[in-house]
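Asks:
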Amino acid sequence: MYHIQISKEKIRNHFHYDKWKYVIGILLTVFSWSMLVTITAPRTPADKKVDIYLVGGFMIEEKAAEYADTVLADFPELLEVNIFNITIEGELEVAGRQKLMVMTGSQSGDIYSFTKDEFKTMVNIGAFMPLDDCKELLSHFTEEQLKECTFTTESDPTPRIYGVPISDVEPIGKSFFSTENAYMGIMSYSQNSEKAVEVLQWIIEHKNEEKYQQRRQELLEIMEQQKQNQKK
142 MYHIQISKEK IRNHFHYDKW KYVIGILLTV FSWSMLVTIT APRTPADKKV DIYLVGGFMI
202 EEKAAEYADT VLADFPELLE VNIFNITIEG ELEVAGRQKL MVMTGSQSGD IYSFTKDEFK
262 TMVNIGAFMP LDDCKELLSH FTEEQLKECT FTTESDPTPR IYGVPISDVE PIGKSFFSTE
322 NAYMGIMSYS QNSEKAVEVL QWIIEHKNEE KYQQRRQELL EIMEQQKQNQ KK
């Protein structure tokens, strides 16, 4: 009978040279499971939530959740404001881009942020809705800033504004996610686009850290007062 001899040295060499296969396999397994959970989880009605996807580098989850809760507190008509991260840098780029394809392919998310080049690519495939009619939102920017977010597409040769710059949104950029050279836009398939525009405008209006913290404190005091009233 033929016997296969496996030495400790062969095992060490196997894991040394093939370790990335195991890493990728584990990442894909985790990714597949997270997608299954996302798809099968109970869903809040589309008009009662706004989902934000930050695409690029890593995100600090705890700080992002705190920010999302603050935004939600100023929109009592909503049940949820969620902030998700899709990392498309470094070793997670392949898995991240697969996740991005799944999320956009399943028409998930209302607001997405990308760096400029990635944003332009998404505009070209029709991912974002034009914001030209959102005058109040656009009033916070200069013509030069808006020009950076103005594009034409193969299907629409008319220059339109598809996003807004968020590089100076301090509560995000200095807290939980890099916003350097980044833009935010509303997805063309969003089922809650009107409210998504309002949330995006809130983000821009509170881009200064001091103003954001002041509003956050006001909202916390309002919620505390509401709790006290309920106890009476």
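Using the numbering used here, you'd call the opening residue of the sequence shown number 142 and step up by one each time. The beta-carbon is built from N, C-alpha and C at its ideal position, and this holds for glycine as well.
Unbroken alpha helix (DSSP H) runs of length 4 or more, entirely within the stretch 171–241: which are they?
Replies: List check, alpha helix (DSSP H) in window: 202–214.
Asks: Looking only at DSSP bridge pairs, what is Met328 linked to?
Replies: The residue labelled residue 328 in the question sits at position 187 within the sequence shown. Bridge partners of Met328: Phe269.
Asks: Give the secondary structure of Ser334 by DSSP, where H, G and I count as helix, E and B as strand, and everything else as coil.
Replies: Position 193 of the sequence shown, counted from the start, is the residue given in the question as residue 334. Reduced to three states, the DSSP call for Ser334 is helix.
Asks: Would you give the residue range spanned by the alpha helix (DSSP H) that Ile363 belongs to?
Replies: If you number the sequence shown from 1, residue 363 lands on position 222. It spans Glu350 to Lys372 - the alpha helix (DSSP H) in which Ile363 sits, taken as one unbroken run.
Asks: Between the Cα of Lys189 and those of Ile327, Glu221, Glu284 and Glu335, spot the shortest distance and give me the residue it belongs to.
Replies: One-based indexing of the sequence shown puts residue 189 at position 48. Of the candidates Ile327, Glu221, Glu284 and Glu335, the one whose C-alpha sits nearest the C-alpha of Lys189 is Glu221.
Asks: Cα separation between Glu295 and Gln239?
Replies: Position 154 of the sequence shown, counted from the first residue, corresponds to residue 295. Position 98 of the sequence shown, counted from the first residue, corresponds to residue 239. Roughly 25 Å between the two C-alpha positions.
Asks: Whole angstroms is fine: what's the gap from Leu341's alpha carbon to Lys261's?
Replies: For the purposes of this step, residue 341 is taken as residue 200 along the sequence shown, with counting starting at 1. For the purposes of this step, residue 261 is taken as residue 120 along the sequence shown, with counting starting at 1. So the two alpha carbons sit approximately 19 Å from each other.
Asks: Measure the C-alpha to C-alpha separation of Ser316 and His347 and round it to an integer number of angstroms.
Replies: In the sequence shown, counting from the first residue as 1, residue 316 sits at position 175. In the sequence shown, counting from the first residue as 1, residue 347 sits at position 206. Distance between the alpha carbons of Ser316 and His347 is about 14 Å.
Asks: If you draw a straight line from the alpha carbon of Ile344 to that of Lys372, how long is it in whole angstroms?
Replies: Taking the first residue of the sequence shown as 1, we reach residue 344 at position 203. Taking the first residue of the sequence shown as 1, we reach residue 372 at position 231. Rounded to the nearest angstrom, the two C-alpha atoms are 33 Å apart.
Asks: For Ile307, does the three-state DSSP call read helix, strand or coil?
Replies: Start at 1 with the first residue of the sequence shown, and residue 307 comes out as number 166. Coil, per DSSP.
Asks: From Pro186, Val196 and Thr185, pick the residue whose C-alpha is nearest to that of Ile307; which is it?
Replies: Counting from 1 along the sequence shown, the entry for residue 307 is found at position 166. The option with the nearest alpha carbon to Ile307 is Val196.
Asks: What are the boundary residues of the beta strand (DSSP E) that includes Thr256?
Replies: Position 115 of the sequence shown holds residue 256. Where Thr256 is concerned, the enclosing beta strand (DSSP E) stretches over Ile252 to Thr256.
Asks: For the alpha helix (DSSP H) containing Glu289, name the first residue and the last one.
Replies: Here residue 289 refers to the residue found at position 148 of the sequence shown. Counting along the chain, the alpha helix (DSSP H) containing Glu289 begins and ends at Glu284 to Glu289.
Asks: Measuring straight from C-alpha to C-alpha, what distance separates Gly231 and Gln367?
Replies: For the purposes of this step, residue 231 is taken as residue 90 along the sequence shown, with counting starting at 1. For the purposes of this step, residue 367 is taken as residue 226 along the sequence shown, with counting starting at 1. Roughly 46 Å between the two C-alpha positions.
Asks: For Glu277, report the span of its alpha helix (DSSP H) as first-last.
Replies: As a first step, residue 277 must be located in the sequence shown, where it is residue number 136. First-last of the alpha helix (DSSP H) with Glu277: Lys276 to Leu279.
Asks: Would you list the one or two residues that DSSP bridges to Ile302?
Replies: Here residue 302 corresponds to residue number 161 of the sequence shown, with the count starting at 1. DSSP lists Thr291 as partners of Ile302.
Asks: Measuring alpha carbon to alpha carbon, tell me which of Asp258, Ile327, His281 and Met364 ends up nearest Glu321.
Replies: Position 180 of the sequence shown, counted from the start, is the residue given in the question as residue 321. For Glu321, the nearest C-alpha among the options comes from Asp258.
Asks: Which residue from Lys352, Ile302, Pro217 and Ser319 puts its Cα closest to that of Ser329?
Replies: The residue you call residue 329 lines up with position 188 of the sequence shown. Considering only alpha carbons, the answer is Ile302.
Asks: Rounding to the nearest angstrom, what Cα-Cα distance links Gly246 and Pro186 in this structure?
Replies: By 1-based counting over the sequence shown, the position of residue 246 is 105. By 1-based counting over the sequence shown, the position of residue 186 is 45. In a straight line, the C-alpha of Gly246 is about 19 Å away from that of Pro186.
Asks: Return the chain-ordered list of same chain residues with a C-beta closer than 6 Å to the C-beta of Asp192, the five sequence neighbours on each side being excluded.
Replies: Along the sequence shown, read from residue 1 onward, the residue named residue 192 stands at position 51. Asn223, Gly250 and Asp251.
Asks: So, are the CB atoms of Tyr253 and Cys290 less than 7 Å apart?
Replies: By one-based count along the sequence shown, residue 253 stands at place 112. By one-based count along the sequence shown, residue 290 stands at place 149. Not closer than 7 Å, so no.
Asks: So, is Tyr163 buried or exposed, given that buried needs 16 or more other C-beta atoms within 10 angstroms?
Replies: Your numbering for residue 163 matches position 22 in the sequence shown. Confidence at Tyr163 is low in this model, with a pLDDT of 44, below 50, so the placement of that residue should be treated as unreliable; the coordinate-derived value is given next. Classification for Tyr163: exposed.
Asks: Answer yes or no: do Phe318 and Met244 have a C-beta to C-beta separation smaller than 7 Å?
Replies: Here the question's residue 318 lines up with position 177 in the sequence shown. Here the question's residue 244 lines up with position 103 in the sequence shown. It is not a contact, given that the beta carbons lie outside the stated cut-off.
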